[in-house]
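Residue numbers (our numbering): 18 to 241.
Ideal Cβ positions, reconstructed from N, Cα and C, are used throughout, including at glycine.
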């Protein structure tokens, strides 16, 4: 993960081994399997965390913190430097597969991941708009939520269509995903899709005519 194994405490090694196990095999992985991956006895897992639920909670918090750090670093990197790091790092693959499993599980942790990702993406996007990197939206939160759902959904569909993908090869999984998706994503983000504004303008006219337009950033009606 993000720190060399020899520099980690026993608790941290167990936590990182659990993150990898949960990402590769799902949240049903046993404490014995997690301990084996960390190279310790199963009793040490309970010694450090007390229960599998407590271990999972710490893993969730760690994954979210590391995802935020990677996202921040990528937004602050020069594009040449960013693309020079492809294919995706093994750590990025672990984090994204872990988050994907949480979302597919459908529980509170998955919902929290999505809401945290939306909240953080909203902050990143507003900063990018202020820096002139991204065009502003009439409803910034709605755009960010849509893009977050699209990104997670694309991964869900990809893995559903390829059920034999070995998820413990995290770098290969994410490397292939980025290879397939980066060009169309950047084309759409940079050049758009429609050749003119007809659909957008007619939609704005429609919502204005219904007297119930979506709210803008400050809760004001959309301006035409």
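Between which two residues does the alpha helix (DSSP H) harbouring residue i extend?
| i | result |
| --- | --- |
| residue 186 | Unbroken run through residue 186: none, as it is neither H nor E. |
| residue 114 | 107-122 |
| residue 165 | 157-178 |
| residue 140 | 125-147 |
| residue 213 | Counting along the chain, residue 213 falls outside any alpha helix (DSSP H), and DSSP gives it neither H nor E. |
| residue 44 | Counting along the chain, residue 44 falls outside any alpha helix (DSSP H), and DSSP gives it neither H nor E. |
| residue 150 | Taken as a continuous stretch (DSSP letters only), residue 150 belongs to no alpha helix (DSSP H), as it is neither H nor E. |
| residue 60 | 59-66 |
Measuring straight from C-alpha to C-alpha, what distance separates residue i and residue j?
| i | j | result |
| --- | --- | --- |
| residue 28 | residue 205 | 44 Å |
| residue 224 | residue 72 | 48 Å |
| residue 195 | residue 202 | 10 Å |
| residue 130 | residue 219 | 35 Å |
| residue 74 | residue 150 | 35 Å |
| residue 167 | residue 221 | 23 Å |
| residue 110 | residue 227 | 45 Å |
| residue 210 | residue 142 | 20 Å |
| residue 45 | residue 126 | 15 Å |
| residue 153 | residue 199 | 22 Å |
| residue 90 | residue 207 | 21 Å |
| residue 57 | residue 64 | 12 Å |
| residue 158 | residue 138 | 9 Å |
| residue 192 | residue 69 | 31 Å |
| residue 113 | residue 77 | 12 Å |
| residue 26 | residue 106 | 23 Å |
| residue 48 | residue 124 | 21 Å |
| residue 177 | residue 108 | 22 Å |
| residue 148 | residue 85 | 19 Å |
| residue 182 | residue 53 | 23 Å |
| residue 197 | residue 155 | 30 Å |
Using 7 Å as the cut-off, classify the Cβ of residue i as near or not near the heavy atoms of the ligand FMN, replying yes or no.
| i | result |
| --- | --- |
| residue 124 | Among the components of this structure there are no ligands whatsoever, and the ligand FMN is therefore not found. |
Please report the Cβ distance between residue i and residue j, rounded to the nearest whole angstrom; I am assuming they are in contact, meaning their Cβ atoms lie under 8 Å.
| i | j | result |
| --- | --- | --- |
| residue 34 | residue 55 | 4 Å |
| residue 87 | residue 61 | Actually they are not in contact, since the Cβ atoms of residue 87 and residue 61 sit about 29 Å apart, beyond 8 Å. |
| residue 36 | residue 115 | 6 Å |
| Taking one C-beta from the stretch 128-135 and one from the stretch 200-218 each time, how about it: are there three or more such pairs within less than 8 Å? | no
| task | Indicate whether the contact test is met: 3 or more Cβ pairs, each with one atom in the stretch 112-127 and one in the stretch 159-172, closer than 8 Å. | result | yes
| request: Taking 8 Å as the threshold, find out whether the stretch 28-44 comes into contact with the stretch 180-195 through three or more Cβ pairs. | output: Touching, yes.
| said: Whether or not the stretch 75-84 and the stretch 158-167 are in contact is what I'm after, with contact meaning three or more pairs of Cβ atoms, one per stretch, closer than 8 Å; do they touch? | reply: no
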